[in-house]
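Enquirer: This is the structure I want to talk about, given as C-alpha cells.
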Amino acid sequence: MKKWLTILVLIGTFVSAQAEPNPWIEPPLTTERNFPVPRPDVVPEIPAAHGSYPAYAIEWWYWVGHLRAAETDEQFGFQSTVFRRAAGPDAGDAEDTAQCGDDQLFMSHAGLSDLTAGRYTHVERIYRGGWQAHSAEGQLDLAAGPIMAMENGQGGFSMTVSYPDDSRLELTLTPTKPMVSFGDRGLSRKGADPAAVSWYWSYSRKAVRGQLWRNGEATAVEGVAWMDHEISSSQLGSNLAGWDWTAIQLDDGTEVKAYRLRENDGGMDPWSACYWIDEAGEVSYVYADRFEWREIDAWTSDDTGLTYPTSVDIVARHPDTDIIRTYRLRPLLDEQEFRGNRAENPYWEGACEVLDENGDRIGLAYLELAGYGGGLAAQLAQ
Amino acid sequence: MPSFVSSPIWRVAFALLTKSTLRHWGQAKGSYLLIIAIVALGVGSLNGIRQASRAATANFGLFNEAISGRSDFLIEAPAGPIRETQLPGLAPLSRQPDWHLLPVIEGPFTQVSADGEPQRLLRLIGLDLVAVANLPTFIDREFAFGQAESRWNDWVGAAPRVWISSSLAADSGLKVGDSLRGAVGGRMHELEVAGMLGDADNPVPEDLLIADLPAAQAILTRVGEIDRIEAVVNDRAARQSPARMAEIEDRVRALLPEGLVFRAAAERIAERADMTAAFRLNLTILSLIAILVGAYLILQALDTAVVRRRAELATLKSLGVGQRALFLTLMLESLLIGTLGSILGLGVGVLLASGAVHLLADTVNALYFATSVEAIRMSGVDIATGLAVGIGFSLFAGLLPARDAMFTPPAQILSRGDWSPGFVWLRRPWTGLALVGAGLLCLLLPPLPLAGGARLPLGGFLAAGCGIIGAALLSGQTLVWIARACQRVAVGAATKLALSRLADGSSRHRLAVAGLVVAVAMVTGMVQMVGSFRVSIERWFDVRFQAELYVSERTAGGASAVNGIAPEVLQAVTTGPAVTFADTLYISPVGAPSGRTYLGGVDLGAWSGRVAQIWIKDPGALAPAADAQPAFISETFARRFDLMEGGKITLATPTGSRDVTPIGIYADYGNEFGSAVIAAEVWKQWIQADRAINTSLYLQPGTDANVVRDALRLRFPGLEIRNAQELRTLALGIFEQTFRVTSALNGIGLTVAIVGLALGLFSLFAESAGTWATLRRIGFPAKSFALTAGVEGAGIALAAWLSGTFVGLCLGWLLIYVINVQSFGWTLVWHLPVGAFLGLGASLVVFGFLAGALTGAWHRRGLS
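In the order they appear, the protein sequences are chains A and B. According to our numbering, the first sequence is numbered sequentially starting from 1. According to our numbering, the second sequence is numbered sequentially starting from 1.
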C-alpha cells in the first residue's frame, strides 16, 4: 500500500517548476494506458481547480500547518494528505454512484503533533471511491476516511480530521496569498518523458482557525497552513532512493519550498530545487547546483530502528538577489514518524522551526524525510 | 501435603491401599481395567459430546473473521438486508479511526463437479477487498489479494473472481486462474480463482470463498444488498477493557443513523447459541444419562470388589483396623479409579468428539443454520468437568460399598450372607414414591423461555429424571412379585432355587434391576419418540407433498443455507407446458416479540384448496383480527405466540412493523421457530425481495414426472429437482441423521447397563459363595448350577424389562406430549413400536440368562 504513497508523494512533491526554461517538450494527449495528459496553458479556475480531476491517473491534496491554542498556548502541527489513484479509463464496471466503486482508490494520511505534550498521533486509511471516500469535481468536496475537506462558501475551506481516541481537528482555512501554479506554460515537468507533466497548484499560506476536540472538550486553535493540489497521469522512474522535502513559512510573509531527491548512489538528483515565493506570490527558484542540503543531526526511531536526518541546514543562493541564505530546520518534536498500517515504508514528516545562520528563529516549516527504510527504488520499479 | 494426611488413620489407609488394594488389582487386572475403562467411557462420552457440540456450533456464521479478525459490533437492519443506499448515512461513523466498518454479504455457493453433481457447500463472503486491508488482523496475518498491490483494480468490481482457502485449493486441485464451478440461486456460475488465502500459520476455513462485495452481490443476485456491517475496534488491546469498549459502543450508537440497529457481535453468537440451546441440552442430558448408568456400573464393580474382599476385610477388622480406616481405604480406591478413569476419559472424549463432530455439524446444518466445524479443542473447563464428573461419580459410587465394608461386623462378613446396609434403602419404597411424586409435580412447571425464541421444557426433563430414578428404586418390588408368581409354576430344583433367591429380593438383586431399568426406560422412551416423530413426518409427507416435482436451489446445506431461486429462473421453471400449477414458497426470517421467526409468502387461495395440509385449525376456523394481514400459521408459531385461538401479532420486517392475524393453523415439522404465511404479493412488498425458496410443480394428468424432471435438470443444472419419492427419501435421511446421535447414546447406555448386569450377577454370586459351596458339596451338578444362575439373570432382566418398559412408556408420553410440545411446539402421533419392545425384552431375558449362566459357571470353577 505504501508504495502507492511513495509514488504519489514523489510525483506530488517534485513535479515542480524548473529554475531555467528547458526546451519545450510537447506532452502527448494520452499516456500509454490511455489516461489523459495535463495540457499546457491551462489557467486554473477557482473553485474548479480545487475539485477532483478523476480522469487523470493520480491526484493528491496536501495540507500541513502549525497551530497554537489561544488560551493554553499549546502548540500543534498537522499533516493531512488524501491521495487519489484512478484504475484506468478502460477499467471499472461500476456506476459512478456505486457505494463500492471500482475505478478510484483513495488513501488518507493524517498526523497530529502535540508539540507541547510531546505526543504524535497518526492514522492511515485506504478506501475505494464510494461511501467511505469521494472527491467531487468543480470544487473541493473531499472525504477519505478520517479526512474531510470542502469549500466553505466564503472563499475558504473547512476541514475536519479525526484521530484515534476520539480526537478531532475542525479547521477553517482561509488563503491569505493567491494560489501559485508551478511550471512552464502551467505544466510542471518532472522528466524527459513527454507525458511526465502535471498541474501543480499551491496555497503557500492560509490563515487557520478552529477547534481541537480531545476527550469531548474543544480547544480553540489558530495558525498558518500550506496546501498543495497536483494532478498528473505519469509516474517517476526508479533511480531514486528517497527524498527530503520542506515547506517553510517565514515570519516576513514569504515562503520557501526546497527538496532534495536522493539517488540510489547517494547523489542529489539534478531536478532537486529550492523555490522562493515572495509576498505577492511570485516564484523564483534554483536547481541542485545552486543550493545545498546539509544534514546536521539525526534521530533514530525506537519503533522501526530507522535513522532520519531531522535537523538540516538548507543553504541557497537567491537567483534575484544573489544573496546566500541559510535556513536551519530543527524539529519541534523528534517522534513524528509516520508508520502507517503495514510499516513497510515509514517516513518522517513533522513540524520544525526555522532559524537563520545566527540561530534566530525566522519561521516555521514542515519537513518530510522519505525512503529511509530502504527498498524504495525497487518498490518504484514495480 | 496437608497435615491430616500424616495422621494415623490416613497412614493406615495408605498402607492398606498400597499393600492390599493394589495387590488385588494385580490379581484381577482385567476387572479393574474394565472398571477404569467404564469410568473413562462415561467421562469420555460426556466430554466428547460437549467438545463436539461446541466445535460443531462454535462458528456461528461470521466466517469472514479468519480474514478480517473478530468483529466487536454488528450493524444490521431490523429485519432483512441493509440496502446499499443506506451506507452514506454511515459515513460519519466510518470517519472515526477507532474502528473499522466492514459491509458483509454472504450466501451459499455449492461447488458442482463437471458432471453436475454437487460436491460441497462453500460460504461465499463478499467483503470490500480494499477496505479490509485497513484491518489489524488482515495486516498482521499478511494476507494479500495479489502479488502487486498497485494492481488493486484487478481484484475489485463485479467480475466473478474469488479467493479460496489454500486447503480447498489443495483438496480440489484448483490453482490461480482455474474455474470454480457452482450453483447459486438456481443458476450456474463459473468463478475465476484469483488467489489463495491462508497457510499453515494463518489457516482460514476450508469452505470460505472470498469475493469483492460487488462481485458477491452479483453472484448471489443480490445487487444493492448487504447482510450486515461489522465493526472492528482498531485497538485490539481495548477489548480487554470493558470501560473502553463501553465508551466506544456509546460513540458508535450516538452516530448510528435511523433505520439500523446495533448490537455487540457477542449477542449474535449468543442468539445462535440460544437457537441450538435445546439441541445441545438434549445432548447433555443424554450424555449425563450415560454417565449415570456408568456410575451405576462403577457402584456395581466396586461392590463386587468389596464382596470379593470380605474375608480380608473381616480379618483386618479382627486385627484391629478401624472402620474409618477401612472406609477411607475404599474411598481412596474409588478416588484412584475415578482419577485414572477420568484422565483416560479425557482422551476418549477427544476421540469420540473427533468422530461425532461432523455428525453433529451435519445435524446443526440440517436443522438450524450453516455452520462450519472448528478443530476439537479441550479447554481447561473440559478438563475440570471431566475430572470432577469422573472422580465425583466414582466417589459417589464407592460410597455405598465402602459404608458396607465399614459397618459390616466380621462375623457377618465371614458368613457371606446378604448383609448390605449400604443398599438397604433399595428395600424401602418411600424414596421411589417420593421421587415419582416430585416428578409429577414438575410437570406443572411451564417451559423456560430462551433468548433466541427457543423454549426449554425444564419441568418435563425434571419429571423424566425423577420418574426414571423413582421407578428404578421401586422396580425391585417387581422382581419380587414376578419371582413369587413364577414360584407357583416352577419345576426343578435349580429353577426353584433361583426363584427363591429372587423372591427374597436382596438389596443387590434390586440394585441390579434398578440399573437396568434406567437403561431400558431411556431406550424405550427415546425409541417411542423417534418412532413417533418418524410416523408423524411420514404422515405429514403423505398429505402435504402431493405435487409431482419439487424444485429448490441446489445446495449442500440445510435450512438456512439457501439464497433463493432467481426470479427469472423461477419464471422459466413454473411456466413450462407440462405444469398446471406451481405452489411457490417465499420465506424470510423476521423479528418477533421474542426472538426470530419466519414469514412466508404463498398463494393463500391454493393453500385453502388444492395444496393439501394437515390442518390443526381449518382455514377460516379462526376469526381474523381487524387491520392485520390474514395468515396461515404453523402449529409451532401458534403455540409459541399464543395464537391457537386466533389473535394478532406484530412482526418486524424490512419495511417496518407489520401485523398478521391467523386464519388457519397447519402442521409443519420443518422448523421449530414457527412460520406464518401470507399472500406472496404482500410478502414481496413487505420483505422487498423476490427470490423464492422453493416451488412445487403440479403436472398435467398423464405426464411422466421423471421425463419433465430430467428435462428441467438439463436446462437448469443449478436447481435441485426431485420427484415426490426422492424428496421423501431426502427428508427422511435428514431425519435419520438428526437422531443418529440419540441412537448412539442409546446404544452406549444399554451396553453399559448390560455390562452392569453381568457385574451385578457376579457380585450376587460372590456374596452367596457359602451357599454355592454347600450345594456343590452335596452334589449340585454343574448344569443345575448354570441353570440356577441363568434363571436368576433372566429373572432380573425380565423384571427390569417390564418395569423399564412401563417407565419408558410414561417417558415416551412425556417426551411426546410435554417435552416436544414445549420445545418445538408440534404435536406428534404417538407411535408404539411394540415389536421393538418385545424384541428388546426377549433379547434382555436371553442375555440375562446367558450372562447369569456363564457367570455362575465361572464362579463355580472359582469355588473349586
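For glycine and all other residues, C-beta sits at the position ideal for the given N, C-alpha and C.
Roughly how far, in whole angstroms, is the beta-carbon of B:R228 from the beta-carbon of B:L74, given that I think they are within contact range, below 8 Å?
Expert: Rounded, the Cβ-Cβ distance is 5 Å, consistent with contact.
Enquirer: For A:E295, collect the residues of the same chain with a Cβ closer than 7 Å to its Cβ; drop the 5 residues on either side in sequence, then sort them by chain order.
Expert: Within the same chain, A:E295 has close Cβ partners P309, V312.
Enquirer: Identify the contact partners of B:E84 in chain A, using a Cβ-Cβ distance below 7 Å as the criterion.
Expert: Under the 7 Å cutoff, chain A gives Q99.
Enquirer: Rounding to the nearest angstrom, what Cα-Cα distance links B:T574 and B:D710 in this structure?
Expert: The alpha-carbon atoms of B:T574 and B:D710 are separated by roughly 15 Å.
Enquirer: Report back the beta-carbon spacing between B:A679 and B:L622 to the nearest angstrom; my notes put them in contact at under 8 Å.
Expert: That belief does not hold up - the Cβ atoms of B:A679 and B:L622 are roughly 17 Å apart, past 8 Å.
Enquirer: Give a yes or no on whether the minimum CB-CB distance between A:G145 and chain B is below 8 Å.
Expert: Yes, contact with chain B.
Enquirer: Around the Cβ of B:K317, are there at least 16 other Cβ atoms within 10 angstroms (buried) or fewer (exposed)?
Expert: B:K317 comes out buried.
Enquirer: Taking Cβ-Cβ distances shorter than 7 Å, what residues in chain A pair up with B:Q96?
Expert: Neighbours of B:Q96 on chain A, chain order: S162.
Enquirer: DSSP beta-bridge partners for A:D244?
Expert: Per DSSP, A:R260, A:L369.
Enquirer: Would you kindly check if the distance between the Cβ of B:V232 and the Cβ of B:W99 is under 8 Å?
Expert: Cβ distance < 8 Å, so B:W99 and B:V232 count as in contact.
Enquirer: Residues in its own chain within less than 7 Å of B:V156 by CB, not counting five upstream and five downstream?
Expert: These residues qualify, in order along the chain: L129, V130, D212.
Enquirer: For chain C, check one thing: does any of its Cβ atoms lie closer than 8 Å to the Cβ of B:G674?
Expert: Looking for chain C here will not work: the only protein chains present are A and B.
Enquirer: Give a yes or no on whether 8 Å exceeds the smallest Cβ distance from A:A87 to chain B.
Expert: Chain B contact via Cβ: present.
Enquirer: Contact between the segment 660-679 of chain B and the segment 619-633 of chain B is defined here as three or more beta-carbon pairs at a separation below 8 Å; is this criterion met?
Expert: Short answer: they touch.
Enquirer: Comparing the C-beta of B:F60 with each C-beta of chain A, is any distance below 8 Å?
Expert: Bear in mind that a pLDDT of 41 at B:F60, under 50, signals an unreliable position, so the model cannot answer this.
Enquirer: Quick check on B:P8: buried or exposed, where buried means 16 or more other Cβ atoms within 10 Å of its Cβ?
Expert: B:P8 is exposed by the Cβ-count criterion.
Enquirer: Taking B:N225 as the reference, give the member of B:R95, B:E206, B:P654 with the closest Cα.
Expert: The sequence as given places Glu at residue 225 of chain B; Asn does not occur at that position. Ranking B:R95, B:E206, B:P654 by Cα distance to B:E225 puts B:P654 first.
Enquirer: Hey, could you find the ends of the alpha helix (DSSP H) B:W936 is sitting in?
Expert: Only positions 1 to 864 of chain B appear in the structure, and residue 936 of chain B is not among them; the question remains open.
Enquirer: Quick check on A:H318: does DSSP put it in helix, strand or coil?
Expert: Three-state result, A:H318: coil.
Enquirer: Could you tell me the distance, in whole angstroms, from the CA atom of B:L599 to the CA atom of A:R125?
Expert: Each residue's alpha carbon lies about 41 Å from the other.
Enquirer: If you measure from the beta carbon of A:Y372 to each beta carbon in chain B, is any gap under 8 Å?
Expert: So no, A:Y372 is outside the interface.
Enquirer: For chain A, check one thing: does any of its Cβ atoms lie closer than 8 Å to the Cβ of B:A231?
Expert: Not one chain A Cβ lies under 8 Å of B:A231.
Enquirer: Note down, in chain order, all residues in the segment 256-283 of chain A with a beta-carbon under 9 Å from any beta-carbon belonging to chain B.
Expert: Result list empty, no residue passes.
Enquirer: Residue ranges of each alpha helix (DSSP H) run of no fewer than 4 residues wholly in the segment 586-635 of chain B, ordered along the chain?
Expert: With a minimum length of 4 residues, the continuous alpha helix (DSSP H) runs that stay inside the segment 586-635 of chain B are 604-608.
Enquirer: Considering Cα atoms alone, identify which of A:S113, A:P164, A:T326, A:M159 is closest to A:G363.
Expert: For the residues A:S113, A:P164, A:T326, A:M159, the minimum Cα distance to A:G363 belongs to A:T326.
Enquirer: At a cut of 8 Å, does the segment 230-244 of chain B reach the segment 190-200 of chain B through at least three beta carbon pairs?
Expert: Because the criterion of three Cβ pairs below 8 Å is not met, the segment 230-244 of chain B and the segment 190-200 of chain B do not touch.
Enquirer: Mind checking whether B:G186 and B:F716 have CB atoms under 8 Å apart?
Expert: Closer than 8 Å, so yes.
Enquirer: So, are the CB atoms of B:A463 and B:V480 less than 8 Å apart?
Expert: Their beta carbons are not under 8 Å apart, which means B:A463 does not touch B:V480 by this criterion.
Enquirer: Could you tell me whether any Cβ in chain B is nearer than 8 Å to the Cβ of A:I126?
Expert: Answer yes: the Cβ-Cβ gap between A:I126 and chain B drops below 8 Å somewhere.
Enquirer: Per the DSSP calculation, A:S162 is bridged to which residue(s)?
Expert: The partner list for A:S162 (beta bridge, DSSP) reads A:R168.
Enquirer: Should B:P257 be flagged as near chain A, meaning a C-beta pair shorter than 8 Å?
Expert: No, because no Cβ of chain A sits closer than 8 Å to the Cβ of B:P257.
Enquirer: Please list, in chain order, the chain A residues whose beta carbon lies closer than 7 Å to that of B:V104.
Expert: Under the 7 Å cutoff, chain A gives no residues; its nearest Cβ is about 12 Å from B:V104.
Enquirer: So for B:P401, helix, strand or coil by DSSP?
Expert: B:P401 falls in the helix class under three-state DSSP.
Enquirer: So, does the CB of A:W63 fall closer than 8 Å to a CB anywhere in chain B?
Expert: Judged by the 8 Å Cβ criterion, A:W63 is not in contact with chain B.
Enquirer: For the segment 62-77 of chain A against the segment 204-222 of chain A, do three or more pairs of beta-carbon atoms, one drawn from each stretch, fall closer than 8 Å, so that the two count as touching?
Expert: The segment 62-77 of chain A vs the segment 204-222 of chain A: in contact.
Enquirer: In three-state terms, what does DSSP make of B:L62?
Expert: Per-residue confidence for B:L62 stands at a pLDDT of 43, beneath the threshold of 50, marking its modelled position as unreliable; no derived number is given.
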